[in-house]
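S.K.: Take a look at this one; I'll ask things after.
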Amino acid sequence: MKHFILCLMAAMLGMLPAKAEKEFVNLTPRPKNVLVYDGRCTLPASFTVGVDAALGDTVMEEAQRFVDLLNVSMKGHNVSLVHNTDDAFLKISQYTGVASNVGNEGYRLVVKADGITLSALTQKGFYYGLLSIRKMLPAHVALGLPGTEDTEYFLPIVSITDNARFAYRGFMLDVSRHFFTVDEIKKMLDIMAIYKMNVFHWHLTDDQGWRAEIKQYPKLTTTGATRSNSWNTDIYLVDDYWWTGEGAYTGKTYGPYFYTQEEMREVVEYAAERHIDVLPEVDMPGHFVAAMASYPEYSCTPNNPPSVWTNGGISSNVLNVADPKAVEFAKNILSELCDIFPYPYIHIGGDECPTDQWKSNSLCQERMKELGLTNYRALQTHFIKEISDHVATYGKKLFCWNESITADGADLDLMKETGATIMCWSPCQSGAAKAAEMGLNAIITEYHSSTGGYYINRRQSNDYGEPTGAGYGDDTVEGCYNYVPVPDNVPTAYAKRYIGVQGTFWTEHVSSDEYLEYLALPRLICVAEAGWSTQSRKNWSDFKTRMTADTELLDLGGYIYGRHWMDDYIHRVYKNPISDGAVVKFTNQSTDRPRCLADNNGTLNGQGDACTEWTLKAAEKEGEYYIVSNVSGKYLNAAGTASGSAVTLGAAKTAWTFDETTMSGYVAICLAANQNVAVNNNVSNATHARLFAHGTSNGASFWKVDLISAPDGIPAVTTANSLTPQGVYDLLGRPVRRNAHGMKIVDGKKVLNAR
Ligand code: ACM
């Protein structure tokens with residue numbers, strides 16, 4: 017029967033019988049329905065795009081952009097646009113089938129050897145249909161880049177009926193912890209657009225920096241947009257930059273960095289051309305230190321102003337929500353933003369807001385009494401409601417992080433009244449279930465779970481050379497892809513409240529455009545597919561094939577991305593990660609003492625002497641590294657006196673075995689390329705340099721590691737506390753990252769993919 021229908025359709029299309037969806041059509045996100053036929057459609061050197069006369073200006077505008085782009089990208093071709101479909105090679109007309117087949121954003125696209133037809137119900141639908149045509153052409157056409165060769169362009173013979181699964185397909189970027197230029201944001205918008213994502217959630221403010229110009233409050237973008245460069249968490253150097261920018265040890269401040277209102281409007285306009293809405297977020301009343309540093313009169317401690325935060329985590333310094341002037345401050349800020357951002361929603365954060373300062377503040381105490389509240393969290397809900405009423409005067413509704421309904425003591429009735437959309441991160445799924453039960457819409461952006469997650473700034477592997485950052489290396493591309501945003505057990509009545517998915521990107525540990533892209537890509541594309549394609553259409557292996565093909569597009573677009581998970585990825589062997597003569601110092605942070613490393617046979621001397629400092633010496637030959645103490649041939653004890661067994665200088669190790677099970681505590685360093693390295697049973701056939709540092713109990717680490725000198729231009733002191741073994745590796749192995757996963761330094765700072 018199926019075969020018969022396919023034959024019938026093929027006959028109607030005037031073609032050979034269809035193959036069922038062929039192995040490969042390079043369309044991501046995967047469309048709802050695709051039939052692929054034999055043959056190809058060669059685009060004539062000169063052809064016309066015709067928009068049905070019944071369709072209006074907006075579709076003509078869409079088609080005009082498409083035609084202009086083809087004329088730039090398809091060298092040697094001449095494409096023209098007309099407002100009728102009479103002789104057009106590509107005919108664009110109103111969709112006349114069952115509306116729900118294509119919905120608000122979908123389209124029907126039929127490519128035959130002698131012409132193309134595209135139909136949809138909305139401007140967005142036409143846009144996405146035209147985008148699919150571009151995506152099936154060579155990568156430079158999808159990117160809108162000029163073509164360099166006079167070549168033939170062809171499409172596969174296909175019949176596609178497509179539609180988006182979720183209305184909201186978002187990407188959040190934190191520009192507070194690390195500032196990204198408008199150009200980089202546009203570059204991310206470009207890649208979002210190609211993969212049919214439609215909301216850019218702009219996390220404009222946080223404790224560590226205020227990034228949106230607010231004319232009524234200029235100090236927000238002087239004081240609030242600047243921070244000192246000291247930083248106390250496990251950040252590290254990337255190339256010439258600390259995550260703060262100019263460098264924690266240069267004495268320079270970070271900033272002031274912010275977007276002018278004009279720049280924000282520019283981003284909105286750029287996004288709109290790609291059918292992307294911009295959702296601005298002002299995180300409040302918590303994560304508000306940058307604002308409190310600028311206008312301490314609105315905090316709970318006006319006489320003790322905070323500085324723009326240089327720590328990570330959660331600050332107790334929050335807005336005084338019981339002070340009418342402070343609430344007015346928040347409202348005025350939002351008023352200016354409501355004017356800049358046309359999207360009918362505005363995000364006011366609401367995550368991770370400690371109530372400690374409210375509890376000891378007399379205004380808050382009075383307000384609690386006045387409202388008859390017993391839980392200080394409810395003060396936050398009252399604040400949200402006030403803000404909700406305020407933005408409603410601009411025709412807007414709120415987005416809030418899930419704490420607004422999941423934090424103990426939140427006033428759920430009041431939250432229901434706001435009609436806010438709940439952005440669910442932690443607990444994501446139960447937060448979403450609760451939102452749905454309350455009749456509120458939910459966006460799924462799982463922070464981390466055993467089945468994957470959408471916090472795409474998190475470390476995606478424990479591979480050598482993986483940049484440091486949040487997470488444990490288990491937020492893999494596959495986990496991200498396979499994460500199920502709406503589990504099967506969500507009742508149908510509630511499932512309709514799950515209106516979207518979002519890739520969320522925090523930047524505490526991300527210091528450059530390159531790392532943003534490397535961590536975000538392709539996980540953002542995994543989220544894009546989850547946003548567009550129905551669950552049953554998703555297939556990891558198929559996605560891998562398509563993404564592998566899209567390396568061409570990503571390379572051409574100048575994107576950095578993780579390719580380590582791809583089938584065809586070839587592990588590279590990188591050269592010496594630590595320069596000859598670098599000194600590494602270990603200081604025990606616990607009651608236990610660091611232990612020595614190995615004897616000169618390469619066997620770990622578990623009960624050996626304490627050692628505090630090592631010189632890492634590169635061997636002459638790639639693939640061999642020496643590890644020696646800084647007193648020739650000796651381990652050092654804690655007092656710095658040489659003791660223990662001698663290490664024979666020049667005895668390059670070719671195999672190291674560390675057995676954690678017999679050790680109560682030790683530090684182990686291994687720099688070995690092309691070696692077999694084993695830690696406990698976690699054997700890795702390392703084809704690359706590795707370093708391990710372990711503490712005593714359960715792999716918990718407690719070492720303070722100072723890279724106290726490094727002759728290759730790295731600043732003299734790098735300190736990182738409480739590092740995980742991987743973190744220690746990252747610190748010391750940092751120069752490896754220059755070449756890891758296809759990242760290559762070219763022209764100083766410019767990073768390109770090495771294929
Ligand atoms: C969040 O990650 N604090 C929303």
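Residues in the sequence shown are numbered consecutively from 17, following this note's numbering. A virtual CB, placed ideally from N, CA and C, is assigned to each residue, including glycine.
1. Need the endpoints of the alpha helix (DSSP H) that residue 284 sits in, please.
2. Report yes or no: do three or more beta-carbon pairs, one from the region 372 to 385 and one from the region 409 to 423, lie closer than 8 Å?
3. What residues in its chain sit with their C-beta under 6 Å from that of residue 308, if we drop five residues either side in the sequence?
4. Looking at the unbroken beta strand (DSSP E) that takes in residue 106, where does it start and where does it end?
5. State the start and end residues of the unbroken beta strand (DSSP E) segment that holds residue 296.
6. Mark residue 565 as exposed unless 16 or more other C-beta atoms lie within 10 angstroms of its C-beta, in which case mark it buried.
7. Taking 7 Å as the cut-off, does the CB of residue 441 come closer than this to any heavy atom belonging to the ligand ACM?
8. Pull up the distance between the alpha-carbon of residue 526 and that of residue 192, whole angstroms please.
9. For residue 123, which beta-bridge partners are listed by DSSP?
10. To the nearest angstrom, how far is the alpha carbon of residue 571 from that of residue 114?
11. From 350, 535, 548, 301, pick the residue whose C-alpha is nearest to that of residue 419; which is it?
12. So, are the CB atoms of residue 540 and residue 578 less than 8 Å apart?
13. Do you know how far the Cα of residue 339 is from the Cα of residue 45?
14. Could you tell me the distance, in whole angstroms, from the CA atom of residue 522 to the CA atom of residue 172?
15. Under a three-way DSSP split, which group does residue 62 fall into?
16. Taking DSSP's pairing of strands, which residues face residue 170 in a bridge?
17. Just to confirm, does residue 463 get its C-beta within under 7 Å of one of the non-hydrogen atoms of the ligand ACM?
18. Quick check on the burial criterion: 16 or more other C-beta atoms within 10 angstroms. Buried or exposed for residue 386?
19. Check residue 186 in the structure and name its three-state DSSP category.
20. Grouping DSSP H, G and I as helix and E and B as strand, with all else coil, what is residue 375?
21. Any heavy atom of the ligand ACM closer than 7 Å to the Cβ of residue 548?
22. Does the distance between the C-beta of residue 417 and the nearest non-hydrogen atom of the ligand ACM fall short of 7 Å?
23. Consult DSSP for residue 129 and reduce its assignment to one of helix, strand or coil.
24. Note down the Cα distance separating residue 174 from residue 424, rounded to an integer number of angstroms.
25. Could you tell me which residues DSSP puts in a beta bridge with residue 414?
26. Once you ignore the five residues that flank residue 348 on each side, which residues in its own chain have a CB closer than 6 Å to its CB?
27. Near residue 394, what residues of its chain come up, given a Cβ to Cβ distance below 6 Å and the 5 sequence neighbours on each side ignored?
28. In its own chain, which residues sit with a C-beta less than 8 Å from the C-beta of residue 456, not counting the 5 before and 5 after it?
29. In chain order, what residues of the same chain have a beta carbon less than 8 Å from the beta carbon of residue 235, not counting five sequence neighbours either side?
30. Where residue 97 and residue 64 are concerned, what is the direct C-alpha to C-alpha distance, given to the nearest angstrom?
31. Taking one C-beta from the region 123 to 140 and one from the region 155 to 169 each time, how about it: are there three or more such pairs within less than 8 Å?
32. Quick one: give me the first and last residue of the beta strand (DSSP E) that residue 519 is part of.
33. What does the alpha-carbon distance come out to for the pair residue 544 and residue 496?
34. Can you give the Cα-Cα distance for residue 353 and residue 317, rounded to whole angstroms?
35. Is residue 313 near the ligand ACM, going by C-beta to nearest heavy atom under 7 Å?
36. Measuring from the CB of residue 367, is there a heavy atom of the ligand ACM at a distance below 7 Å?
M.R.: Reading off the structure:
1. 277 to 289
2. no
3. 315, 322, 333
4. 106 to 110
5. 293 to 297
6. exposed
7. yes
8. 11 Å
9. 136, 178
10. Across the structure, residue 571 and residue 114 are spaced so that their CA atoms are roughly 39 Å apart.
11. Comparing Cα positions, the closest option is 301.
12. no
13. 48 Å
14. 39 Å
15. strand
16. 58
17. yes
18. exposed
19. strand
20. The DSSP-derived three-state label of residue 375 is helix.
21. no
22. True, at least one ligand heavy atom lies under 7 Å from that Cβ.
23. coil
24. 53 Å
25. 362
26. 232.
27. 425, 427
28. 421, 431, 432, 435, 436, 437, 438, 513, listed in sequence order.
29. 310, 311
30. 6 Å
31. no
32. 514 to 521
33. 11 Å
34. 27 Å
35. no
36. yes
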